[in-house]
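If you're matching them up, the sequences are chains A and B in order. Residue numbering for the first sequence is 1 to 520, as defined by the numbering used here. Residue numbering for the second sequence is 1 to 520, as defined by the numbering used here. Even glycine gets a Cβ: it sits at the ideal position worked out from N, Cα and C. Model, not experiment: these values are computed from the prediction. Beneath this line is the structure, given in structure tokens, with notes to follow.
Protein chains: 2
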Amino acid sequence: MWRVFFTSAVVAVVVRSAMNWCDSGKCGHFGAGGFIIWDISGGQEDYSYQELLPVAIIGVIGGLLGALFNQLTLYITKWRRTYLHKKGKRVQIFEACLISLITSTVSFVLPLLRKCSPCPELETNSGIQCPHPPGTDGNFVNFYCSKDNEYNDLATIFFNSQDDAIRNLFSAKTFHEYSAQSLITFLVMFYSLAVVTFGTAVPAGQFVPGIMIGSTYGRLVGMSVVKFYKKLNVDEGTYALLGAASFLGGSMRMTVSLCVIMVEITNNLQLLPLIMLVLLISKAVGDFFNEGLYEEQARLKGIPLLDSRPKQVMRNMNAKDACKNQKVVCLPRVSRVVDIVSVLQSNKHNGFPIVERGQNGESLVIGLILRSHLLVLLQSKVDFQNTPFPCGPGILNRHNFSDFVKPASSKGKSIDDIHLTDEELGLYLDLAPFLNPSPYIVPEDMSLAKVYNLFRQLGLRHIFVVPRPSRVVGLITRKDLLLEEDGNTATTELQSTSVRSILSTSCKLSFSLLRRNAQN
Amino acid sequence: MWRVFFTSAVVAVVVRSAMNWCDSGKCGHFGAGGFIIWDISGGQEDYSYQELLPVAIIGVIGGLLGALFNQLTLYITKWRRTYLHKKGKRVQIFEACLISLITSTVSFVLPLLRKCSPCPELETNSGIQCPHPPGTDGNFVNFYCSKDNEYNDLATIFFNSQDDAIRNLFSAKTFHEYSAQSLITFLVMFYSLAVVTFGTAVPAGQFVPGIMIGSTYGRLVGMSVVKFYKKLNVDEGTYALLGAASFLGGSMRMTVSLCVIMVEITNNLQLLPLIMLVLLISKAVGDFFNEGLYEEQARLKGIPLLDSRPKQVMRNMNAKDACKNQKVVCLPRVSRVVDIVSVLQSNKHNGFPIVERGQNGESLVIGLILRSHLLVLLQSKVDFQNTPFPCGPGILNRHNFSDFVKPASSKGKSIDDIHLTDEELGLYLDLAPFLNPSPYIVPEDMSLAKVYNLFRQLGLRHIFVVPRPSRVVGLITRKDLLLEEDGNTATTELQSTSVRSILSTSCKLSFSLLRRNAQN
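Pasting the structure below:
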């Protein structure tokens, strides 16, 4: 955490220095711009308890619209995956072009249909001009209005970069800039476009469109608040901000992080309590209908995301119940290559327990080997041996640590890609040097809720379910883990890892491999 | 987390409403005041890269002074505990009185020794008056200065509430308010007093004094920055804020939380990067010497705090090594009372494995019982039975869940407090209904670093070290834990916890107890 923290601090300082340097005009086109900060200073600095009702309403709207957004995007993504994207990559490109065409048309044509409005009287020291001069960005876009003191309110949102549109929606002291009709038109169109665009082949982002949608209905609510609570010092821009928070909360369902983001991008701490309330209400309303946007999409992709808490039903299940549908496939320590290949072909398990005969003839689970590591070993072939006995020392010198690392951008190897001759299939492979010697284990009758917590907290991928142990070798408490730097090291040095004593034959274990395995 | 978040939001809104209501004067003495916010607006809004050097210096000073503070308080607390507090509670009261007397004397006498300074010229619209009128709080305290336009700079810090003193130190646009001599005098005196006061019988707090110390030397550095970088728009108050952050960082060693607190209490986001840098530097410098204040004190109290990472040496140790100094004391499922008493008297273990003969005569570990639960059972006596056979049903009706809860304010029961007759000692006790049927287990040769992570992440108190398992019953992966709400529940309902099948005799397990145990 403190590394992230340190990096952020350095980034902030460097960016600030670079911006200062660029302010002198030495950076050409990079000189303009800066942080995306939608400053709402100059607007509302305080709030009264009467405003809690409209704030709650914004939260509820955000929850409803956010949940609807998640549901619609889920349906469309499913439909895309099932029908559209099977027809090849050209369809994806065509789809993206079509949507961009629709977006452009709508953005240009809709404002043309609106009538121009006369400019309101503005405070001279607010820095806002109506209409703003050509070539600059800002509120009150003239668009094709004929008269000099007129502006088109729909073009002020549509015909702008999204950054500027948000800045205009958030802007303070610009009462009655937008008509309710324009805002509703924009909301409907933009919401539909956002739903359709999400999941196309274009990396369009979800954050800024979300703020756009939210700030539109937020400003709508703000306009009615201004109308009904005339005595209060209320600003429409503040409500646009709360609306943005509510839609993001209703769609993404994050609370604390979104709150920090909203405070950061508006540079305003005063409205923190209202933002918190709005986020919580919208999250609560949204959770009533479905899960967050990212959870839904990740689930659709088949990523096994675990909720933060085990399901209620897990309290009455135990570890054995969770794995009773699948048969465990074990491998002996020294396996025939043909056996390994047939095991890998016959199932899709990602990890296999390795079993060995102990000194007294009883079987002993000596560790877990990953499918991906087996595939690497089968492909490299250097470890194949003629005898079914444990290998000699030095086997690890043949491998590089990096051989076992899965490339980030590949789908991983498959057993079908590996071709072995009949001669090779008859050879043996000693798996001991490559296994994870101590995966986490749970007794078979442990509550599944406890197993679940183990998975979640430690970020595991495999757990061995073992029979109830017959005896307890030791009992570790917290105090046993408080090794004195000076005290216990003497006894420590003498200890060798008894992993070695169990795999007592001769294979030297590479610590780097062990450590990698230890991460499971 | 979201509960805390929601509570904070509600608190903020309620306090704000109450404050609004009190502003109308309806609350009497409660009307004054508000949030403790040391507003630094009006001061520095920006920073340049030349300021990074003085900021780094502040960080280093904070780290050094913070580490020294931790070390000194550690020594003094040790000394107090060994010599002073053994002499009775009167000594503690006397000590507190003595320190308060010294503090008062120093606060009053030291300013008297300083000469009065003439008031500087202040901007008329800054709202600061020199000296401030009697009966009000603020900068430029007149104290016993004879002339009307003079003030005593040491009294401005010393002879004020700590809140106001900090506000004065943070205040912007008050250049040359303090002389370096006064600040150094204050720093030395206040630092010594803070060291001596920490750990007395008075709840004095550590946060506000820390800010006082830090802002003093911060302002000292700020004064020299103002002197050396004359061209920059630098404010002494900003450096006082950074100094405060650095001392807290150097002493408490928190980064993110302190950063949030500093931003909150100053209501200023602009200086966030500098605060982050200062916190990190002071933490890094402090960590070079010792641990944080709270860690040191907790360790002194014997609380087994675990660091966030396992020690390097643990990588080469295994689970068995950690518990080899202690013999595990097991209890049979149905134990004689006299045996339980002698086990509890003979050692200080807090948990005991329970062992039972299985159906085939082999021994089986059926769970863990806590010392505290055993003591409750021994004290209540209602479960004592005549026969050495497992108990009948209904035993749990004799107990209330709350019987097993340790009162928050007690030291817990001791075996010496429980008196049993010879007759009672001869009876038996079936422990099965009261044990934790599935504590976490690790194989004896698991790397101690992995065990450590298990402890830390799950917040455990006991772990069973068991022999390497002989077979794997099942293998759980993440996908097995993604129960479909509709799919798998059918199979689930049919399962009974096989804990019951193991304790197959007749005792019904109370789920409330089980769940409590499950939290270990």
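### Message
With H, G and I counted as helix, E and B as strand and the rest as coil, what does DSSP make of residue 353 of chain A?
### Response
Locating residue 353 of chain A in the first sequence gives position 353, where the first residue counts as 1. Correct three-state label for residue 353 of chain A: strand.
### Message
Quick check: what's the CA-CA separation for residue 248 of chain B versus residue 297 of chain B?
### Response
Working through the second sequence from its first residue, we reach residue 248 of chain B at position 248. Working through the second sequence from its first residue, we reach residue 297 of chain B at position 297. Between the alpha carbons of residue 248 of chain B and residue 297 of chain B lies a gap of roughly 16 Å.
### Message
For residue 15 of chain B, list the residues DSSP reports as bridge partners.
### Response
Along the second sequence, one-based indexing puts residue 15 of chain B at 15. Beta-bridge pairing links residue 15 of chain B to no other residue.
### Task
Report the neighbours of residue 468 of chain A on chain B: residues whose CB is nearer than 8 Å to its CB, in chain order.
The residue you call residue 468 of chain A lines up with position 468 of the first sequence. Those within 8 Å of residue 468 of chain A in chain B are 364, 365, 366, 502.
### Message
Taking CB distances under 9 Å as the criterion, tell me whether residue 38 of chain A reaches chain B.
### Response
Indexing the first sequence from 1 puts residue 38 of chain A at position 38. Answer no: the Cβ-Cβ gap between residue 38 of chain A and chain B never drops below 9 Å.
### Message
I'd like to confirm the pairing. Which residues does DSSP put opposite residue 430 of chain B in its beta bridges?
### Response
Indexing the second sequence from 1 puts residue 430 of chain B at position 430. Residue 430 of chain B is bridged to B/334.
### Own chain, CB closer than 6 Å to residue 202 of chain B, minus 5 neighbours either side, in chain order
Reading the second sequence from its first residue, position 202 is the one you call residue 202 of chain B. Contacts found: 96.
### Query
Interface residues of chain B around residue 451 of chain A at Cβ under 7 Å?
Mapped onto the first sequence, residue 451 of chain A falls at position 451. Neighbours of residue 451 of chain A on chain B, chain order: 476.
### Query
Quick one: is residue 371 of chain A buried, meaning 16 or more other Cβ sit within 10 Å of its Cβ, or exposed?
Working through the first sequence from its first residue, we reach residue 371 of chain A at position 371. By the neighbour-count rule (16 or more Cβ atoms within 10 Å), residue 371 of chain A is buried.
#### Entry: Local Cβ density within 10 Å of residue 75 of chain A, reported as buried at 16 or more and exposed below that
Against the first sequence, residue 75 of chain A aligns to sequence position 75. Burial call: exposed.
### Message
If you measure between the beta carbons of residue 353 of chain A and residue 272 of chain B, is that distance less than 9 Å?
### Response
Translated into the one-based positions of the first sequence, residue 353 of chain A becomes position 353. Translated into the one-based positions of the second sequence, residue 272 of chain B becomes position 272. Not closer than 9 Å, so no.
### Task
Keeping to the same chain, check which residues put their C-beta closer than 7 Å to that of residue 317 of chain A; ignore five residues upstream and five downstream.
Within the first sequence, numbered from 1, the residue matching residue 317 of chain A stands at position 317. Excluding positions up to five away in sequence, the list reads 448.
#### Entry: Where residue 398 of chain A falls, given that 16 or more other Cβ within 10 Å makes a residue buried
Here residue 398 of chain A corresponds to residue number 398 of the first sequence, with the count starting at 1. Result: exposed.
#### Entry: Coarse secondary structure for residue 495 of chain B, derived from DSSP in three states
Locating residue 495 of chain B in the second sequence gives position 495, where the first residue counts as 1. Note that residue 495 of chain B scores 34 on pLDDT, short of 50, meaning its location in the model is unreliable; the coordinates nonetheless yield the value given after this. Coil.
### Task
Would you list the residues sitting across from residue 365 of chain A in a DSSP beta bridge?
In the first sequence, the residue the question calls residue 365 of chain A occupies position 365. For residue 365 of chain A, which the question treats as bridged, DSSP gives the partners A/355.
### Message
Looking at residue 419 of chain A: is its Cβ nearer than 9 Å to the Cβ of residue 351 of chain A?
### Response
Taking the first sequence and counting its residues from 1, the one referred to as residue 419 of chain A is at position 419. Taking the first sequence and counting its residues from 1, the one referred to as residue 351 of chain A is at position 351. The answer is no: Cβ separation not under 9 Å.
#### Entry: Endpoints, beta strand (DSSP E) assigned at residue 477 of chain B
As a working mapping, residue 477 of chain B is identified with position 477 in the second sequence. Unbroken beta strand (DSSP E) run through residue 477 of chain B: 474-477.
### Query
Who are the neighbours of residue 20 of chain B on chain A, taking C-beta pairs under 7 Å?
Taking the second sequence and counting its residues from 1, one reaches residue 20 of chain B at position 20. Per Cβ cutoff of 7 Å: 48.
### Query
Helix, strand or coil for residue 441 of chain B per DSSP?
Start at 1 with the first residue of the second sequence, and residue 441 of chain B comes out as number 441. Of the three classes helix, strand and coil, the one that applies to residue 441 of chain B here is strand, per DSSP.
### Query
Hey, quick one: how far does the alpha helix (DSSP H) through residue 141 of chain A stretch, first residue to last?
Along the first sequence, read from residue 1 onward, the residue named residue 141 of chain A stands at position 141. Neither: residue 141 of chain A is in no alpha helix (DSSP H) and is coded neither H nor E.
### Query
Measuring CA to CA, which of A/176, A/414, A/181, A/197 is closest to residue 114 of chain A?
As a first step, residue 114 of chain A must be located in the first sequence, where it is residue number 114. Comparing Cα-Cα distances from residue 114 of chain A to each of A/176, A/414, A/181, A/197, the minimum goes to A/181.
### Task
Taking only the alpha-carbon atoms, compute the straight-line gap between residue 223 of chain B and residue 245 of chain A and give it to the nearest angstrom.
Here residue 223 of chain B is taken as the residue at index 223 of the second sequence, counted from 1. Here residue 245 of chain A is taken as the residue at index 245 of the first sequence, counted from 1. Those two C-alpha atoms are separated by around 42 Å.
### Query
In the DSSP assignment, what residue or residues form a beta bridge with residue 117 of chain A?
The residue given as residue 117 of chain A occupies position 117 in the first sequence. Residue 117 of chain A is bridged to A/151.
### Task
In angstroms with no decimal places, state the Cα-to-Cα distance between residue 377 of chain A and residue 330 of chain A.
As a first step, residue 377 of chain A is located in the first sequence; it is residue number 377 there, counting from the start. As a first step, residue 330 of chain A is located in the first sequence; it is residue number 330 there, counting from the start. The straight-line gap from Cα to Cα measures roughly 17 Å.
### Task
Give a yes or no on whether the minimum CB-CB distance between residue 345 of chain B and chain A is below 9 Å.
Your numbering for residue 345 of chain B matches position 345 in the second sequence. Not one chain A Cβ lies under 9 Å of residue 345 of chain B.
### Query
Of the residues A/149, A/186, A/172, A/400, which one's Cα is nearest the Cα of residue 162 of chain A?
If you number the first sequence from 1, residue 162 of chain A lands on position 162. It is A/186.
### Query
For a contact meaning CB atoms closer than 7 Å, what does residue 328 of chain A contact in chain B?
Position 328 of the first sequence, counted from the first residue, corresponds to residue 328 of chain A. Against chain B, a Cβ distance below 7 Å from residue 328 of chain A picks out 472, 474, 475.
### Query
Looking at C-alpha atoms only, which residue of B/69, B/459, B/384, B/400 is the closest neighbour of residue 427 of chain B?
The residue you call residue 427 of chain B lines up with position 427 of the second sequence. Of the listed residues, the one whose Cα sits closest to residue 427 of chain B is B/384.
### Message
Using a Cβ-Cβ distance cut-off of 9 Å, determine whether residue 462 of chain A contacts chain B.
### Response
The residue given as residue 462 of chain A occupies position 462 in the first sequence. Residue 462 of chain A counts as touching chain B.
#### Entry: Contact with chain B by residue 349 of chain A, beta-carbon distance below 9 Å
Within the first sequence, the letter at position 349 stands for residue 349 of chain A. Cβ-Cβ to chain B under 9 Å: yes for residue 349 of chain A.
### Message
At a CB distance below 9 Å, what residues from the region 75-92 of chain B approach chain A? Give them in sequence order.
### Response
none
### Query
Between which two residues does the alpha helix (DSSP H) harbouring residue 464 of chain A extend?
Walking along the first sequence from the start, residue 464 of chain A turns up at place 464. Careful: residue 464 of chain A lies outside any alpha helix (DSSP H), inside the beta strand (DSSP E) at 462-466.
### Task
Output yes if chain D places a C-beta closer than 9 Å to the C-beta of residue 438 of chain A; else output no.
You won't find chain D in this structure, because its protein chains are A and B.
### Query
Using 9 Å as the limit for Cβ to Cβ distance, is residue 442 of chain A near chain B?
For this step, residue 442 of chain A is matched to residue 442 along the first sequence. Judged by the 9 Å Cβ criterion, residue 442 of chain A is in contact with chain B.
### Query
CA-CA distance, residue 53 of chain A and residue 47 of chain A?
If you number the first sequence from 1, residue 53 of chain A lands on position 53. If you number the first sequence from 1, residue 47 of chain A lands on position 47. Computed Cα separation, rounded: 12 Å.
### Query
For residue 319 of chain A, does the count of other Cβ atoms within 10 angstroms reach 16, so buried, or fall short, so exposed?
Here residue 319 of chain A is taken as the residue at index 319 of the first sequence, counted from 1. Per the 10 Å Cβ criterion, buried.
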